[in-house]
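Worksheet: the structure to be examined is printed underneath.
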Amino acid sequence: MSNIILKSLYIDNFKSFKDSKFEFGKLNCIVAPNNAGKSNLIEVFEFCETMLFENIAQAVANVGISAIRNYKYNQNEVVINPCFE
């Protein structure tokens with residue numbers, strides 16, 4: 002098991018996220034009202050984990066290609082840019 006630490010995460014056009022940046026420390030809690038995107042953020046974490054330890058095709062297959070893009074915007078490109086230490 003490796004010690005990979007997620008320092009920051011930029012998400013654009015993934016599910017409920019549009020141009021969103023997150024910074025992480027050693028201990029993080031996700032607290033927000035209902036329907037704010039907490040589950041979608043967890044899904045991005047799982048997506049990144051699958052990309053790292055398996056491959057991108059499996060990560061996309063786990064999420065479902067039709068469910069990945071934010072339906073509120075016309076932009077086709079989905080950006081997930083994690084920064085690890």
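Using my numbering, read the sequence shown as starting at 2 and increasing by one per residue. Beta carbons are placed, not taken as given, at the ideal position from N, Cα and C, and that holds for glycine. Just so we're clear, the structure is a prediction, and the values are computed from it rather than from any experiment.
Cβ-Cβ distance between residue i and residue j below 9 Å
| i | j | result |
| --- | --- | --- |
| Asp20 | Val79 | no |
| Leu10 | Pro83 | yes |
| Ser17 | Asn41 | yes |
Best match in the options for proximity to residue i [C-alpha to C-alpha]
| i | options | result |
| --- | --- | --- |
| Phe23 | Asn35, Ile5 and Val45 | Val45 |
| Gly26 | Gln76, Thr51, Leu53 and Lys8 | Lys8 |
Residue range of the beta strand (DSSP E) that includes residue i
| i | result |
| --- | --- |
| Val80 | Val80 to Phe85 |
| Ile57 | From DSSP, Ile57 is part of no beta strand (DSSP E) but of the alpha helix (DSSP H) over Ile57 to Val64. |
| Lys8 | Leu7 to Asp13 |
| Lys22 | Ser21 to Glu24 |
Nearest-angstrom Cα separation, counted from residue j out to residue i
| i | j | result |
| --- | --- | --- |
| Gly65 | Gly38 | 17 Å |
| Gln59 | Ile69 | 13 Å |
| Glu50 | Asn35 | 25 Å |
| Leu53 | Phe85 | 11 Å |
Whole-Å CB distance - residue i paired with residue j, under 8 Å assumed
| i | j | result |
| --- | --- | --- |
| Phe48 | Ile81 | 6 Å |
Span of the alpha helix (DSSP H), counted from its first residue to its last, around residue i
| i | result |
| --- | --- |
| Lys39 | Lys39 to Phe54 |
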